[in-house]
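Novice: One structure, pasted below without further comment.
2 protein chains.
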Amino acid sequence: MQVPSPSTREAASMYGTVVAIFLVILVATLQSSAPPENPFPYQVPLDPEGSLELSWNVSDAQKTVHFQLLVQELKAGVLFGMSDRGELENADLVVLWTDGDRTYFGDAWSDQRGQIHLDSRQDYQLLRARRTPEGLSLIFKRPFDTCDPKDYLIEDGTVHLVYGVLEEPFRTLEAINTSGLQTGLQRVQLLKPSIPIPALPVDTHTMEIRTPDILIPGQLTTYWCHITELPDGFSRHHIVMYEPIVTKGNEALVHHMEVFQCAAQFETFPQFSGPCDSKMKPGRLNYCRHVLAAWALGAKAFYYPEEAGLAFGGHGSSRFLRLEVHYHNPLKIQGRRDSSGIRLHYTATLRRFDAGIMELGLVYSPVMAIPPRETAFVLTGYCTDKCTQLALPPLGIHIFASQLHTHLTGRKVVTVLVRDGREMEIVNRDDHYSPHFQEIRMLKKMVSVHPGDVLVTSCTYNTEDRELATVGGFGILEEMCVNYVHYYPQTQLELCKSTVDPGFLREYFHLVNRFNGEEVCTCPQASVPEQFATVPWNSFNRDVLRALYGFAPISMHCNKSSAVRFQGEWNRQPLPEIISKLEEPTSHCPASQDQSPSSHTVVNIGGGKG
Amino acid sequence: MQVPSPSTREAASMYGTVVAIFLVILVATLQSSAPPENPFPYQVPLDPEGSLELSWNVSDAQKTVHFQLLVQELKAGVLFGMSDRGELENADLVVLWTDGDRTYFGDAWSDQRGQIHLDSRQDYQLLRARRTPEGLSLIFKRPFDTCDPKDYLIEDGTVHLVYGVLEEPFRTLEAINTSGLQTGLQRVQLLKPSIPIPALPVDTHTMEIRTPDILIPGQLTTYWCHITELPDGFSRHHIVMYEPIVTKGNEALVHHMEVFQCAAQFETFPQFSGPCDSKMKPGRLNYCRHVLAAWALGAKAFYYPEEAGLAFGGHGSSRFLRLEVHYHNPLKIQGRRDSSGIRLHYTATLRRFDAGIMELGLVYSPVMAIPPRETAFVLTGYCTDKCTQLALPPLGIHIFASQLHTHLTGRKVVTVLVRDGREMEIVNRDDHYSPHFQEIRMLKKMVSVHPGDVLVTSCTYNTEDRELATVGGFGILEEMCVNYVHYYPQTQLELCKSTVDPGFLREYFHLVNRFNGEEVCTCPQASVPEQFATVPWNSFNRDVLRALYGFAPISMHCNKSSAVRFQGEWNRQPLPEIISKLEEPTSHCPASQDQSPSSHTVVNIGGGKG
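The following block contains the structure:
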C-alpha cells in the first residue's frame, strides 16, 4: 500500500477542518441504524478507574464492529483507538473534541511523534451521541478492514485499545499531541467468535472458587494464590461451563484469574491465601499447575462443546484447587476488598467425551535461544507426524480452544496444522500477542487433527532491550513458546513439543569458536546458557543460529505426562518438511479507490433520553 | 499495491468491450500533440526480419516515452509491450487488433498463461495511426510509471520489449493468447539519458574499424573477430566520440560490436578475420582485450565529456586493434554480406584529461560461488576506502559511463557509492540486466569518487536451471560480477575488486563436513570448485554460505594492472560497514486513485499522409 506524503495528507486534513463547519449532521437521525436491544455483549473498562467504559459487538456478516464508549465525566473530549502494541503513536483513533464552541467527532490518526491528524477517509461512523445518567454515550461503528492504510486492521487475536482524555478545548485537531494527555491502553480480543451457546444440562450445579474477601494490595502487580478443596467424596464430574465473578467496583483491577488442580500424588495440600510470591507460601503449592479454568479481562463465559466436558473430582484426581488472581493496580489504590473468582458449572451426567489439554510448542530448554537486540526472531516447535501417529485415536481429535503462552519477549504466536507436508489451516494465531494478556480462546472453527498430522507452533520474540541471549526455560527472564490446546476426546498425549538436537547445537558453538579465533571461549564444559552468554552476536553468528534452527534435526518430547515418553526413538528426528504454505488471505480492498473528501462531523449532544 | 481479483478485472474488461463500440475517437485530431520534427531519435528493429520497427523518444520533464511503431505489412494486428525479462506472459501490452469489421487499439496485459485482458486503466495513449509508404505507423505515448500495478514500470537500464503478430481477426481481445502467436523480444535501454552533446574539436578525424565485406554465417550466433592496425607511426590521439556503422539491411542482425586494443608487450599480431571461436584463430589474439569502444543494439554515438578523451596510438601502446562483431541470426539467414563496424572520431589536440576504465566488483575466483537452484542469490564485491585512499588523486575521479558484466546467470547488477559508511548514490543500476545485452551506458549524472570512498557492486544471479554450484571464474559457465566504469582523470588503479577471505571459506567447508557427518567429503586437499561441487545444498549450507559472504573479511585486489598490486596489506580486510542505506525512491502514485472506466479506442486508419 502506498501512503500519501505528509504534505498531501496535511492539506487534505486542513481542507477537512474548514469544510466541517458547514457539515452539521444531526446524528440523532441516524439512530435507526443502531443495533437492537442488548446490543453490546462485550465490555471492558479502559482506564484503571473505570471512568471510560467500552462495550462492543461484532457482526461477522458485515465484518463490522459496533462500539459504545461511555464517558462518565466528559471534560473537553476523549480519544479512543487501536495501535499495534498499545502505543499512542502511529495509532488509529476516533476523537471527540471541542474548540470551546462546537464539539466535533472525527476519524483521526497519530503520527510517530504522537501528533494527531484528521484522516483523509472517515471510516469510523458516528451513529449516536447522547447524554445519559451514566455519562456521555457515543455509538459508532467501523469495518474490520477499512482499506485505509492509516487505519488499524482489526484481526483475530489480541487488539491493543488506547484512550486519552482531553482536559481542555483545542482550536484544531492538529493542535493535539497524545504525549501531553492522560492516556492508557487496554488489551482485548475484539473479534470474539460467534459460536452458538450450547444448552446446559438440566442437572447442572455450580461451585464458586473465590478469594475470601481479601484486601487488594496497594501495589502495581499482585498474583493472589488461594487454596480451596472439593467436598469430601466428590465424585467424577464434567465441567461444562465457567464464568468470571468480579466484585463490583473492581472491574478495572481484576486482570485475569485461573483455577488449577493440584497433583494427585500428594494426599493433602496446606491451606494458603496470600500473594503467590509470598515467602510464606508453602512450596507444595507449586504442584498445583493443571489448568481447570482461565479467564482474562474482556472474556465472557467459557462453554465446552455439547459433546465434551472437563473431568474433575473422583478417584485419581486431587481434591485441592488453587485459585490465582492477577490484580493490576497501576494507581496503587489502597483498601479495596475483593471476592472475585470463577463459577464452575458442572454436571454428574458425564458427557460423551472427556476434554483434554495438550501442550504444543517448544520444550523448556536453554538449547532454544534468542540472540539479543533482535526485533522479530522466530523460534519454532513441532509436534511431529510420528508422535500424532502413535498417540492420537484413529478418528483424530478436535481442538476447540487454545491458550497461547510465552514469557516477556513474546510478540506473536501461531500454530499451523500441516498434513502431508502442506499447511492446511491455522489452529490459532495472534499477531499482536502480549504476554500480559493470556486467555483461553474459543476457536472460530474446531480444528480436527488426524494421526500423522504435524502441528507447527512459532513464536516471534523482541529482544531489543536485552544485552545477552535469552534462553528457553522456566524463569521469567527465560522464554517459552507454548500453545495449550483444549480438545476432545482426551488422549494420553499431554505434551508434544520439540527442541533442536543438542549435538547440532554443540556443533554451532564449535563453529562460533572456529570463526572467532581465540577471542571467545564457548568452552564445551560450560553449560548451554553460559555458552550462549559468550557468543559474540555479529551478523554471522546470528544468521547461522537462525539457519541451524531452520535445518537441524530435532529432539521430540512426545509424552504421556511431563516425564513419561511414548515408546520410540525421539532424538535426532528429521525436521518436518513443509512443501506448501497457506496463502495469505487476499484483501477485499480494491487496487485503487475513490479518494473521498476528508471531513469530520459536527456533533449535537442532546440531553435526556432522545 | 493491491491487485483486484480476476473476476472484478474481467467484468471491467467486458464492460470496456461493450462501450468501445460507441466510443469512436478520431485519432487524427490528436495529431497536434505529436512531438515536432525528428521526433524519434532512437530506433530498433523488433523482429529478426526488421518488419516491425520501434522508434522512440524520452521526455524527462513529462516522464513520458513517445513511441512510433512501424508495421511494414499489417496482417490482422500487432501487439507490443514490455515485461520483466522478455516473456510474453505477465506482460504489459498495447494491442492493435481487428474483429474483421473494425480495428481497435487498447492498453492490455497478459496473465501468467499468456491470455490477454483489456487493462482497467488505459495508460497507453494513441496519438496517431496512419498508413505510410513504409507501412502502418502508430504513434502512442506512456508515462514511465502509470501507477497501475498491471503496467510495467519503465526504469533506467535494460527494458525487455516484446511483440507479437496477429495473423487473423479476433472477435474479442480476450480471445487472444500470446502462446499461439509469432512473438519475440528485443532488449534496449529505453530511458536514454538526456545529456547535451559535446561539440567536437575542429581537427577531428575519423577512422572506420569495419569487417571487410564478410559473409554472415547462417547460424544463430557468430562472434566475428577482425584484426586491423593503426597507421605506422600513428602518434598519441584522443578518441572523443565513436558511432556504429551498420550495413543497410543488417540492422536486425548486428547485435553488438566492440573494438579492443592489443597488448603492448607484443611487437606484432597476426592478421585474422573470422569467427572468434574458429580453430584457425591465432592464440595471441586473446591478448587483445583493452576496450576502446563498444556499441550494442539501440545505442547511438558515444561522446566523451568535453574535458576528456580516450588515449590511443603513440609510444607504449599497441598498433593492433581487434574488432568483434556479434551477429544474432535466429532465422539463420544465408548469404548476407556485412561491413559493419565502428567509426572512431579522434583528435591530435589532446584534451585536458585522459579517460580511463576501472574494473569494480568481484575477483574472477572460485571462492565466490552461487548454490544451485537459487532464484536471486546476491554476491557483492567491494572497492574499499583503503584502496581509493591510496590510489585516487586528492580531487577524486569522475565516472561518466559504465558497462555492467556478468556471465549467463546474472539478472541484476548495481554499484553504490558509500562515503563514511553511508550510501550516497547509485553509480549504475540495472534491475532487468541481461548478459545478452551489455552496452556502455552514459550515466545520467557524473559520479565523483573521492579518496576514502567505497564502491559496492552487487550482482543477483538465477541458478534455477543448474544442478551444481556456479563458481566465479573466466569460463562461460562460471560467473563474474563486474562494472567497468569509464572515468577521468585516468589513474594507475585499473582494478578494485574483492573476494571472500579464503581462510574463512576453508572454515565453511570444515563446517559443512562437521554438520553433514561422514556422508560428504569436501576434502581439504580438493580444489575450491571440487569442494563446492560436493556440498549438499540443504537450507543450512545455503544460509551459512550467504551469512559467510555477508560477514567474513575480504581479500582485496587493489591493482595497477591485473597482476600488480598497490603496496599494502590487502588480505583479511574488514568488510566495509554500511550504516545507512539509500532510501528507495518514493512513488509519486497516490495511495488511492480514481478507477477510471475501462475502454479501448476504435481506430480509423486513414490512407495517405493525413
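Chains A and B, in that order, are what the protein sequence lines are. Just so you know, we're using our numbering here: the first sequence kicks off at 633 and counts up by one. Just so you know, we're using our numbering here: the second sequence kicks off at 633 and counts up by one. Even for Gly, the Cβ is constructed at its ideal location relative to N, Cα and C.
1. With a threshold of 8 Å between beta-carbons, can Glu1139 of chain A be considered close to chain B, or not?
2. Per DSSP, what kind of secondary structure is Val1086 of chain A in: helix, strand or coil?
3. What residue ranges within the stretch 826 to 906 of chain A form continuous beta strand (DSSP E) runs of no fewer than 3 residues, ordered along the chain?
4. What residues of chain B sit near Val1050 of chain A, judged by a beta carbon separation below 8 Å?
5. For Pro1003 of chain B, which residues in the same chain have their Cβ closer than 6 Å to its Cβ, ignoring the five residues on either side in sequence?
6. Just to confirm the assignment, what range does the beta strand (DSSP E) spanning Ala940 of chain B have?
7. Could you name the residues of chain B that Ala1179 of chain A contacts, counting a contact when the two beta carbons are closer than 9 Å?
8. With three or more C-beta pairs closer than 8 Å as the rule, is the stretch 838 to 854 of chain A touching the stretch 952 to 961 of chain A?
9. Between the beta-carbon of Phe901 of chain B and the beta-carbon of Phe934 of chain B, is there less than 8 Å?
10. Helix, strand or coil for Ala1179 of chain A? Go by DSSP, reduced to three states.
11. Could you list which residues in chain E have their beta carbon closer than 9 Å to that of Gly1182 of chain A, in chain order?
12. Do you know offhand how far Ile1029 of chain B's Cα is from Ala980 of chain B's?
13. Helix, strand or coil for Arg760 of chain B, going by three-state DSSP, please let me know.
14. When we look at the beta-carbon of Phe699 of chain A and count the other beta-carbons within 10 Å, is it buried (16 or more) or exposed?
15. For chain B, is any of its Cβ atoms less than 8 Å away from the one on His749 of chain A?
16. Residues of chain A with a CB under 9 Å from the CB of His1142 of chain B: which are they?
17. Between A:Arg819, A:Asn689, A:Glu938, which lies nearest to Pro828 of chain A when the distance is taken from Cα to Cα?
18. State buried or exposed for Ile859 of chain A, treating a residue as buried only when at least 16 other CB atoms are found within 10 Å of its CB.
19. Pick out the complete beta strand (DSSP E) segments inside the stretch 703 to 733 of chain A, 3 residues or longer, and give them in chain order.
20. Quick check on the burial criterion: 16 or more other C-beta atoms within 10 angstroms. Buried or exposed for Phe1136 of chain B?
21. When we look at the beta-carbon of Ala740 of chain A and count the other beta-carbons within 10 Å, is it buried (16 or more) or exposed?
22. Considering only residues of the same chain and omitting the five flanking positions on each side of Thr838 of chain B, which have a CB-CB separation below 7 Å?
23. Which residues mark the beginning and the end of the alpha helix (DSSP H) in which Arg1146 of chain A is found?
24. Please work out which residues of its chain come closer than 8 Å, Cβ to Cβ, to Ser665 of chain B, disregarding the five sequence neighbours upstream and downstream, and give them in chain order.
25. Among all the DSSP beta bridges, which residues are the ones paired with Ile1029 of chain B?
26. Which ranges would you report for the beta strand (DSSP E) in the stretch 968 to 993 of chain A if only whole runs of at least 3 residues count?
27. By Cβ distance below 7 Å, which residues in the same chain neighbour Lys707 of chain A in space, the five residues on each side in sequence not counted?
28. Here's a check: name, in chain order, each residue in its chain whose Cβ is nearer than 6 Å to the Cβ of Arg1313 of chain B, leaving out the five neighbours to either side.
29. If the criterion is Cβ atoms closer than 8 Å, does the pair Leu817 of chain B and Gly718 of chain B meet it?
30. Going by C-alpha to C-alpha distance, which of A:Val1103, A:Ser1130, A:Leu1207, A:Ser1080 sits closest to Gly1042 of chain A?
31. Assign Arg984 of chain A to one of two classes, buried (16 or more other C-beta atoms within 10 Å of its C-beta) or exposed (fewer than that).
32. Quick check on DSSP: helix, strand or coil for Ala1023 of chain A?
33. Are the Cβ atoms of Ser867 of chain B and Gly945 of chain B separated by less than 8 Å?
34. Here's a check: name, in chain order, each residue in its chain whose Cβ is nearer than 7 Å to the Cβ of His870 of chain B, leaving out the five neighbours to either side.
35. Taking Val1050 of chain A as part of the beta strand (DSSP E), name the residues at either end of that continuous run.
36. Name the residue from A:Asp1017, A:Leu1022, A:Val1117 whose alpha carbon lies nearest to the alpha carbon of Val1046 of chain A.
Specialist: Let me lay it out:
1. The Cβ of Glu1139 of chain A sits closer than 8 Å to at least one Cβ of chain B.
2. strand
3. 837 to 842, 853 to 861, 869 to 877, 886 to 893
4. Those do not exist, as Val1050 of chain A stays about 17 Å from chain B at its closest Cβ, beyond 8 Å.
5. Ala1101, Trp1169, Arg1174
6. 940 to 944
7. Ser1171, Phe1172, Asn1173, Arg1174, Asp1175, Val1176, Arg1178, Ala1179
8. yes
9. No, these two residues do not count as a Cβ contact at 8 Å.
10. helix
11. Note that chain E does not occur in the displayed structure, where the protein chains are A and B.
12. 24 Å
13. strand
14. buried
15. Contacts with chain B at 8 Å (Cβ-Cβ) do not include His749 of chain A.
16. Leu1143, Arg1146
17. A:Glu938
18. buried
19. 709 to 715, 724 to 730
20. buried
21. buried
22. Arg975, Leu976, His977
23. 1134 to 1147
24. Residue placement at Ser665 of chain B is poorly supported in this model, since its pLDDT is 46, which falls under 50; the coordinates are not used for a value here.
25. B:Val1081
26. 973 to 979
27. The answer, listed in chain order, is Val797, Leu798, Glu799.
28. Since the first residue shown for chain B is 633 and the last is 1242, residue 1313 of chain B is missing from the structure and cannot be characterised.
29. yes
30. A:Val1103
31. Under this definition Arg984 of chain A is an exposed residue.
32. Of the three classes helix, strand and coil, the one that applies to Ala1023 of chain A here is helix, per DSSP.
33. yes
34. Gly941, Leu942, Ala943, Tyr978, Thr979, Leu982, Arg983
35. 1042 to 1051
36. A:Val1117
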